[in-house]
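Q: Dropping a structure here in structure tokens format, bear with me for questions.
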Amino acid sequence: MRYLAVISAISGVLILGLLWWGRNREATETPALVALTVPATVVWGERVTVYGGVSLPPGRYELGTYSCQDGRCSRSLWLALDGPVERWGSLGSVSFEGLGGPAWVELRAYRADRPSGTVVAVWSRPVSVVEPAGSTE
Amino acid sequence: MSADRVDVGGRAGWRRLAAAGVLAAGMAVLTALYVAPGLAEVPSFAAAPAVQACEPTGFLNANGEPVSSPELVRMNSNSYLRALVCDPSVLTSAAEGTAARGVGARLSVYLGTEALFDEPVAGAVELALPVQGPRWLVVAFTNDLYEPPEDRNLVLRDLRLVPLETR
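Heads up: the sequence lines are chains V and S, in that order. Residues in the first sequence are numbered consecutively from 40, following our numbering. Residues in the second sequence are numbered consecutively from 9, following our numbering.
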């Protein structure tokens, strides 16, 4: 019986090791950004379209583009894609409604074929929100 | 007799320990499957995959078709062009933009995710931007607005990628 306990423990460790190895192996195949036009400065109230190319490994993915300011984010894109694929085109748009606090743009990729909808890749860039020319605000 | 009892009790203890081991392994598997992935740090998008045997594409429109007349590209709504840059080159163009709500037409030129030029254009601008491949170049008009009589539009004249050695 002592051997059974030892074998059970070793099996558990092996299974865990295999799972982590599998996760790390999969993690090397993350979505890639081929190009992306996210501006560093946006006039508040202005809507700016984001264009680019995204390369996705095998699997079903969802892409989201978010405009974030003062800790709140609004999404402008929800795009489902089946990899492997390289997708070019509009990746949504960004806009900011006031000068406010720190602002940034995020692009997130989710695995849509997993129950938990895990976020597998994130890209973000800070954005300066400026007043329109001639604004008195 | 008492030694046998102890022995029997020991076996039962090992059985319980074995069962606990199996249960613990099962719990660990479930944890690894459902909990751990959510706790792991989310990676950034990977860098663009390496371009194998780089062949310049020239400028392609949003449908992936070659731009027929790079001498005059009218962008009356948001749109983009792209080109695969292989050799060191210079992107040249004369851009003209019109303004609405006091903001010019935003001309965005990116090499991969690196901004080479990203500014509103109200009037005329001459571009001469050095680019180096192999990477994708994107030229886009990104903030279209039509509020009569104002209309933001962008025109690109003589859009060219000139290899450095031929300049």
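Even for Gly, the Cβ is constructed at its ideal location relative to N, Cα and C.
Given this structure, state the Cα-to-Cα distance separating S/Glu155 from S/Val93, to the nearest angstrom.
A: 37 Å
Q: Taking V/Ser113 as the query, report the chain S residues whose CB atoms sit under 8 Å from its CB, ordered along the chain.
A: Correct list: empty, because the minimum Cβ distance to chain S is about 18 Å.
Q: Let's test the definition: count the other Cβ atoms within 10 Å of the Cβ of S/Glu104 and tell me whether it reaches 16, buried, or not, exposed.
A: The C-beta of S/Glu104 has 16 or more other C-beta atoms within 10 Å across all chains shown, which makes the residue buried.
Q: Would you mind reading off the limits of the beta strand (DSSP E) that contains V/Val81?
A: 80-82
Q: What do you get for S/Trp144, buried or exposed, if any count of 16 or more other CB atoms within 10 angstroms of its CB means buried?
A: Taking every protein chain shown into account, the CB of S/Trp144 has 16 or more other CB atoms within 10 angstroms, so this residue is buried.
Q: For S/Glu104, which residues does DSSP report across the bridge?
A: Answer by DSSP bridge pairing, in chain order: S/Ala132, S/Val163.
Q: Using a Cβ distance threshold of 8 Å, determine whether the region 71-81 of chain S contacts the region 132-141 of chain S, with at least three qualifying pairs required.
A: no
Q: For S/Gly112, which of V/Leu72, V/Ala119, V/Val87 has the nearest alpha-carbon?
A: V/Val87
Q: Give the DSSP-derived three-state secondary structure of S/Val30 in the structure shown.
A: helix
Q: In chain V, which residues lie with their C-beta within 7 Å of the C-beta of S/Tyr88?
A: Tyr90
Q: Pairing CB atoms from the region 101-108 of chain V with CB atoms from the region 145-154 of chain S, are three or more of them under 8 Å?
A: They do not touch, by the three-pair rule.
Q: Does any residue of chain V have a CB that is nearer than 8 Å to the CB of S/Ser116?
A: yes
Q: Tell me, please, whether the CB atom of S/Pro51 is closer than 8 Å to any CB atom in chain V?
A: Taking Cβ atoms only, chain V reaches closer than 8 Å to S/Pro51, which makes this a yes.
Q: Should S/Asn86 go down as buried or exposed, given a rule of 16 or more other Cβ atoms within 10 Å for buried?
A: buried
Q: Considering only C-alpha positions, which residue in the set S/Leu137, S/Asp126, S/Ser101 is nearest to S/Leu177?
A: For residue 177 of chain S there is no data in the structure shown, the boundaries of chain S being 9 and 175.
Q: Which residues in the same chain as S/Asp159 place their Cβ atom closer than 7 Å to its Cβ, once the five residues preceding and following it in sequence are excluded?
A: Result list for S/Asp159: Thr106, Ala108, in chain order.
Q: Taking beta-carbon pairs under 9 Å, can you tell me which members of the region 144-162 of chain V lie near chain S?
A: Leu146, Arg147, Ala148, Arg153, Pro154, Ser155, Thr157, Val158, Val159, Ala160, Val161, Trp162
Q: Hey, quick one: how far does the beta strand (DSSP E) through S/Thr111 stretch, first residue to last?
A: A small fix is needed here, since residue 111 of chain S is Val in this sequence, not Thr. Counting along the chain, no beta strand (DSSP E) covers S/Val111, and no H or E run does either.
Q: Is the Cβ of V/Leu72 closer than 8 Å to any Cβ of chain S?
A: yes
Q: Looking only at DSSP bridge pairs, what is S/Val59 linked to?
A: DSSP lists no partner for S/Val59.
Q: Less than 8 Å between the CB atoms is what I'm expecting for V/Pro20 and S/Phe53, so what's the real figure, rounded?
A: Because residue 20 of chain V is not part of the residues shown, which for chain V are 40 to 176, the question remains open.
Q: So, V/Val89 versus V/Leu75, is the Cβ gap smaller than 8 Å?
A: Closer than 8 Å, so yes.
Q: Is it right to say S/Leu5 is buried, meaning 16 or more other beta carbons lie within 10 angstroms of its own, or is it exposed?
A: With chain S represented from 9 up to 175, any question about residue 5 of chain S goes unanswered, as that position is not in the structure.
Q: Opposite S/Pro171 in the DSSP bridges: which residues?
A: S/Ser97
Q: Helix, strand or coil for V/Val166? Go by DSSP, reduced to three states.
A: strand
Q: If we count the other Cβ atoms within 10 Å of its Cβ and call it buried at 16 or more, is S/Asn71 buried or exposed?
A: exposed
Q: Applying the criterion that 16 or more other CB atoms from any shown protein chain within 10 Å of the CB defines a buried residue, is V/Gly131 buried or exposed?
A: Taking a 10 Å sphere around the C-beta of V/Gly131, we find 16 or more other C-beta atoms and assign the residue as buried.
Q: Using a C-beta to C-beta distance shorter than 8 Å, which residues of chain V count as neighbours of S/Asn151?
A: Glu85, Arg86, Val87, Thr88
Q: Determine the chain S residues that contact V/Val82 at a beta-carbon separation under 7 Å, and present them in chain order.
A: By Cβ distance, chain S contributes Val111.
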